[in-house]
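K.L.:
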Amino acid sequence: MKRLATFLIALSVAGYAHAGDLTVSVRGADGKPVQDAVVMVYPNGQPTKGPIKFPWAYRVAQQNIQFNPLMLVVPVGADVQFPNLDKVRHHVYSFSPGNKFEIKLYGHEENRTAKMNAPGVVAIGCNIHDKMVSFIRVVDTAYAAKTDANGVVTVRDVPAGAITAKVWHPYLRGMKNEKALAITSVGAGAAREAVTVELRQPSGHH
Numbered sequence: 000m001k002r003l004a005t006f007l008i009a010l011s012v013a014g015y016a017h018a019g020d021l022t023v024s025v026r027g028a029d030g031k032p033v034q035d036a037v038v039m040v041y042p043n044g045q046p047t048k049g050p051i052k053f054p055w056a057y058r059v060a061q062q063n064i065q066f067n068p069l070m071l072v073v074p075v076g077a078d079v080q081f082p083n084l085d086k087v088r089h090h091v092y093s094f095s096p097g098n099k100f101e102i103k104l105y106g107h108e109e110n111r112t113a114k115m116n117a118p119g120v121v122a123i124g125c126n127i128h129d130k131m132v133s134f135i136r137v138v139d140t141a142y143a144a145k146t147d148a149n150g151v152v153t154v155r156d157v158p159a160g161a162i163t164a165k166v167w168h169p170y171l172r173g174m175k176n177e178k179a180l181a182i183t184s185v186g187a188g189a190a191r192e193a194v195t196v197e198l199r200q201p202s203g204h205h
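Each step along the sequence shown adds one to the number in numbering that gives the first Met the number 0, with nothing skipped, and position 180 is 179.
1) Starting from Met39, follow the beta strand (DSSP E) in both directions and report where the run begins and ends.
2) Who pairs with Thr22 in a beta bridge, going by DSSP?
3) Does the structure place the stretch 101–118 close enough to the stretch 75–92 that three or more beta carbon pairs sit under 8 angstroms?
4) Per the DSSP calculation, Asp29 is bridged to which residue(s)?
5) For Val37, which option in Val194, Gln200, Pro201 has the closest C-alpha, if you only look at C-alpha atoms?
6) Please state whether DSSP places Glu197 in a helix, a strand or coil.
7) So for Thr5, helix, strand or coil by DSSP?
8) Among Asn67, Ala187, Tyr57, which has the Cα closest to the Cα of Val137?
9) Whose CA, out of Ala144, Gly173, Met174, lies closest to the CA of Val40?
10) Can you name, in chain order, every residue of its own chain whose Cβ lies under 6 angstroms from the Cβ of Ile123, other than the five neighbours on each side?
11) My understanding is that Val157 touches Leu21, with C-beta atoms under 8 angstroms, so please give their C-beta distance in whole angstroms.
12) Would DSSP call Asn176 helix, strand or coil?
13) Considering only their Cβ atoms, is the gap separating Pro42 from Ile162 smaller than 8 angstroms?
14) Name the DSSP bridge partner or partners of Gln61?
15) If you reduce the DSSP assignment to three classes, tell me which class His128 lands in.
16) Could you spell out where the beta strand (DSSP E) holding Ser93 opens and where it closes?
17) Considering Cα atoms alone, identify which of Met70, Tyr142, Lys130, Ala77 is closest to Gly44.
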């Protein structure tokens with residue numbers, strides 16, 4: 000029995016070791032880091048089966064007449080909170096296919112929620128303040144995250160084996176605002192990739 004227990008522990012440790020971290024550095028054509036780029040990894044090119052849970056809050060606040068954060072990554076089916084921290088009223092909405100919603104006028108320290116029903120991009124605006132804009136990237140993979148101020152993101156515990164990976168940004172020049180990453184597999188330990196993307200200038204409200 001002791002040998003069997005040791006064997007099972009070894010198997011579990013080996014299984015865990017097969018997961019690896021993928022760190023991606025995203026820079027623009029000018030060499031500057033690109034913040035809020037979303038990296039999505041699909042083991043064997045497939046969406047994740049079962050529920051997906053990320054460690055960060057599913058929350059887009061209105062504060063100082065702007066949305067915070069500019070970019071949020073959530074799984075399909077997530078309920079996203081939209082608290083109003085301003086002293087003025089907001090009217091939050093999205094016309095994005097699959098995730099259309101409208102939260103009519105509500106005031107200071109009130110909160111509303113909207114469900115993200117389909118994978119894709121949700122462009123958010125305020126019907127009162129046209130310059131307010133934010134984006135939610137609804138994903139169907141558990142292996143996704145956004146770049147920080149240094150343009151770097153680490154997607155953790157990616158299963159070993161073949162992967163399909165891509166980077167998305169609302170202003171990235173390319174089909175669906177996406178670019179495929181060159182990496183095709185992740186082994187035990189860590190993998191890294193640097194990618195350069197071309198961005199267009201934001202053009203007002205989306």
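Just so you know, even glycine gets a beta-carbon here, dropped at the ideal spot from N, CA and C.
P.N.:
Looking at the atomic coordinates:
1) 37–42
2) Thr153, Arg191
3) yes
4) In DSSP, Asp29 forms no bridge with anything.
5) Val194
6) coil
7) Caution is warranted here: a pLDDT of 40 is assigned to Thr5, below 50, making its placement in the model unreliable, and the coordinate value is therefore given only provisionally. Three-state result, Thr5: helix.
8) Tyr57
9) Ala144
10) Ser93, Ser133
11) 5 angstroms
12) helix
13) yes
14) Phe66, Asn83
15) coil
16) 89–93
17) Tyr142
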